[in-house]
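*Asks:* Be aware that the sequence shown starts at 1, since it is given in the UniProt record's numbering, and climbs by one per residue. Idealized CB from N, CA, C, for every residue including glycine. Have a look at the structure that comes next, please.
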Amino acid sequence: MSAPIRGPIRLGMVGGGEGAFIGGVHRIAARLDGQFELVAGALSSTPEKAHASAQALGLDRSYDDFTAMAEAEATRADGVEAVAIVTPNHRHAGPAIEFLKRGIHVICDKPLTATMDEARQLAEVARASRALFILTHNYTGYPMVRQARAMVAAGDLGTIRLVQVEYVQEWLTEAAETKGSKQAEWRTDPARSGAGGATGDIGTHAYNLACFVSGLEPQALAADLSSFVPGRALDDNAHVLLRFAGGAKGMLWASQVAPGNENGLRLRVYGEKGGLEWAQEDPNRLWFTPFGEPKRLITRNGAGAGPEAARMSRIPPGHPEGYLEAFANLYAEAARAIRAHQAGEAPPLGTTYPTLADGLAGMRFVEACVQSSQANAAWVTL
Numbered sequence: 001m002s003a004p005i006r007g008p009i010r011l012g013m014v015g016g017g018e019g020a021f022i023g024g025v026h027r028i029a030a031r032l033d034g035q036f037e038l039v040a041g042a043l044s045s046t047p048e049k050a051h052a053s054a055q056a057l058g059l060d061r062s063y064d065d066f067t068a069m070a071e072a073e074a075t076r077a078d079g080v081e082a083v084a085i086v087t088p089n090h091r092h093a094g095p096a097i098e099f100l101k102r103g104i105h106v107i108c109d110k111p112l113t114a115t116m117d118e119a120r121q122l123a124e125v126a127r128a129s130r131a132l133f134i135l136t137h138n139y140t141g142y143p144m145v146r147q148a149r150a151m152v153a154a155g156d157l158g159t160i161r162l163v164q165v166e167y168v169q170e171w172l173t174e175a176a177e178t179k180g181s182k183q184a185e186w187r188t189d190p191a192r193s194g195a196g197g198a199t200g201d202i203g204t205h206a207y208n209l210a211c212f213v214s215g216l217e218p219q220a221l222a223a224d225l226s227s228f229v230p231g232r233a234l235d236d237n238a239h240v241l242l243r244f245a246g247g248a249k250g251m252l253w254a255s256q257v258a259p260g261n262e263n264g265l266r267l268r269v270y271g272e273k274g275g276l277e278w279a280q281e282d283p284n285r286l287w288f289t290p291f292g293e294p295k296r297l298i299t300r301n302g303a304g305a306g307p308e309a310a311r312m313s314r315i316p317p318g319h320p321e322g323y324l325e326a327f328a329n330l331y332a333e334a335a336r337a338i339r340a341h342q343a344g345e346a347p348p349l350g351t352t353y354p355t356l357a358d359g360l361a362g363m364r365f366v367e368a369c370v371q372s373s374q375a376n377a378a379w380v381t382l
């Protein structure tokens with residue numbers, strides 16, 4: 001890997017060309033704090049589209065494919081120090097492996113890969129690499145999610161008993177994959193998405209959030225997956241029961257066929273001393289209910305919010321802060337970790353981001369859900 005220089009971290013991108021939603025989100029998040037500069041990319045699977053996309057972004061170093069990019073950038077004095085992988089699921093493993101083998105840090109969109117075999121191969125390379133691997137489960141970057149996690153860890157809820165999480169959408173209520181929606185086409189295609197439809201796309205987000213905040217380790221699950229739209233090859237609705245270490249129980253609902261819901265990610269955690277409730281569509285508020293006492297509202301910069309929330313907050317109280325800022329928080333955490341890694345130091349205290357372990361956990365979740373559903377919702381050990 002090329003030597004680090006002062007200034008923004010040199011960033012490359014694989015995927016995220018014209019017509020790709022998540023690539024634009026990553027680019028905004030990466031530059032929001034001035035910590036990264038996009039300098040190179042293999043932005044599409046076709047050279048023509050890749051170069052057209054690079055030209056539209058004013059990007060000089062455009063490559064036909066990720067292998068050529070990894071090889072060339074690793075030999076440049078000003079080569080990329082990190083790469084963002086924002087392709088469909090089946091194209092996560094290949095680029096990640098190529099860059100990790102060359103000591104280039106990887107920031108990868110979720111889920112980890114399309115298949116468990118790919119995940120294991122990637123994990124083996126990542127563990128042997130001198131580079132960092134960061135997974136963008138962006139909802140972990142919300143200030144009030146960090147606040148909830150800190151309150152659970154501090155024992156404010158006591159021993160956790162119940163975890164309820166849901167992520168519900170409406171956008172696949174009809175067969176959008178047959179009506180020209182690029183996003184729907186690959187997300188409902190097992191060859192590109194993997195074994196999970198809604199389970200892999202949004203269920204992994206819900207699962208990650210539940211584990212991140214509760215601090216609990218899932219031990220088993222029972223899943224009932226459905227494909228309600230005729231002809232759809234992957235699930236568009238999932239009901240999942242969870243058993244955690246220590247005896248806590250959980251329920252997860254992921255659906256993309258629930259009319260009236262846009263991005264309804266909601267988490268509720270209950271312990272012997274109280275409960276917490278957070279919703280992504282109202283992200284600056286966290287409700288805390290100590291048992292036997294009135295319900296309390298904790299806001300992002302208000303009374304009751306602790307340093308964990310403050311460190312993730314960017315703007316003054318009363319101003320909305322949401323999706324893009326949370327995504328940028330993960331890039332900021334990645335920058336802290338990368339700069340510390342380059343200096344041979346430990347990252348600053350509190351630096352937190354989803355890792356390879358979280359990615360593997362998400363893949364095991366999808367695999368277990370499919371296995372359970374095929375066995376009539378039988379319990380499957382994680």
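Counting pairs of beta carbons, one from the stretch 236 to 251 and one from the stretch 282 to 297, are three or more of them closer than 8 Å?
*Replies:* Because the criterion of three Cβ pairs below 8 Å is not met, the stretch 236 to 251 and the stretch 282 to 297 do not touch.
*Asks:* I'd like to know if the stretch 129 to 149 and the stretch 319 to 326 are in contact, where contact means that at least 3 CB-CB pairs between them fall below 8 Å.
*Replies:* Yes, the stretch 129 to 149 is in contact with the stretch 319 to 326.
*Asks:* Could you tell me how far apart the beta carbons of A42 and D65 are, in whole angstroms, since I believe they sit closer than 8 Å?
*Replies:* About 6 Å; that satisfies the 8 Å criterion.
*Asks:* Checking 8 Å against the spacing of the C-beta atoms, do A335 and L132 come in under that value?
*Replies:* No. Outside cutoff.
*Asks:* With distances taken from CA atoms, which of E272, S45, L267 is nearest E281?
*Replies:* Considering only alpha carbons, the answer is L267.
*Asks:* Should R80 and E73 be called a contact, given that it needs their Cβ atoms to be closer than 8 Å?
*Replies:* Looking at the sequence provided, one finds Val at residue 80 rather than Arg. Yes. Within cutoff.
*Asks:* In whole angstroms, what is the alpha-carbon distance linking A114 and P294?
*Replies:* Distance between the alpha carbons of A114 and P294 is about 45 Å.
*Asks:* In the DSSP assignment, what residue or residues form a beta bridge with R285?
*Replies:* DSSP, once it has assigned bridges, lists T299 as partnering R285.
*Asks:* What do you get for K182, buried or exposed, if any count of 16 or more other CB atoms within 10 angstroms of its CB means buried?
*Replies:* Exposed, because fewer than 16 other Cβ atoms sit within 10 Å of the Cβ of K182.
*Asks:* From V106 to Q55, what does the alpha carbon distance come to, in whole angstroms?
*Replies:* For V106 and Q55, the distance between alpha carbons rounds to 24 Å.
*Asks:* For G17, I'd like the list of residues in its chain whose CB is within less than 7 Å of its CB, leaving aside the five on either flank, ordered along the chain.
*Replies:* Counting only Cβ-Cβ distances below 7 Å, and skipping sequence neighbours, we find G23, L43, S44, K49, A50, S53.
*Asks:* Would Q374 be called buried (16 or more neighbouring beta carbons within 10 Å of its own) or exposed?
*Replies:* Looking at its Cβ environment, which holds fewer than 16 other Cβ atoms inside 10 Å, Q374 is exposed.
*Asks:* For the beta strand (DSSP E) containing N237, name the first residue and the last one.
*Replies:* Per DSSP, N237 belongs to the beta strand (DSSP E) from 237 to 244.
*Asks:* Going by alpha carbons, who is nearest to E272 out of A150, Y207, G158?
*Replies:* Comparing Cα-Cα distances from E272 to each of A150, Y207, G158, the minimum goes to G158.
*Asks:* List the whole-angstrom C-beta distance separating I9 from A82, where the pair is believed to meet the contact cut-off of C-beta under 8 Å.
*Replies:* The Cβ separation is near 6 Å, so the contact holds.
*Asks:* Smallest Cα separation from E333: which of A119, A77, H137?
*Replies:* Of the listed residues, the one whose Cα sits closest to E333 is H137.
*Asks:* Let me check one thing: in DSSP terms, what residues is E166 bridge-paired to?
*Replies:* According to DSSP, E166 bridges with W253, R266.
*Asks:* Which residue's Cα is closest to the Cα of L11: D60, P47, A233?
*Replies:* Selected option, being the one with the closest Cα: D60.
*Asks:* Can you confirm whether the stretch 84 to 95 touches the stretch 300 to 319 when touching is taken to mean that 3 or more C-beta pairs between the two stretches lie within less than 8 Å?
*Replies:* Judged by Cβ distances under 8 Å, the stretch 300 to 319 makes no contact with the stretch 84 to 95, as fewer than three pairs qualify.
*Asks:* Using the three-state DSSP reduction, which class does E277 fall into: helix, strand or coil?
*Replies:* Strand at E277.
*Asks:* Starting from F99, follow the beta strand (DSSP E) in both directions and report where the run begins and ends.
*Replies:* That residue, F99, is in no beta strand (DSSP E); its alpha helix (DSSP H) goes 93 to 101.
*Asks:* Report the three-state DSSP secondary structure of A210 (helix, strand or coil).
*Replies:* In this structure, A210 counts as helix in the three-state DSSP scheme.
*Asks:* For M312 and K110, what's the separation of their Cα atoms in angstroms?
*Replies:* Whole-angstrom Cα-Cα distance: 21 Å.
*Asks:* Starting from the Cα of V229, find the closest Cα among S255, K249, A361, G19 and give me that residue.
*Replies:* Closest by alpha carbon: S255.
*Asks:* What's the gap between the Cα of G306 and the Cα of A150?
*Replies:* C-alpha separation (whole angstroms): 8 Å.
*Asks:* Should K232 go down as buried or exposed, given a rule of 16 or more other Cβ atoms within 10 Å for buried?
*Replies:* Reading off the sequence, residue 232 comes out as Arg, not Lys. Buried is the call here.
*Asks:* Given P218, which residues of its chain have a CB within under 6 Å of its CB, disregarding the five upstream and five downstream residues?
*Replies:* These residues qualify, in order along the chain: L242, F244, L382.
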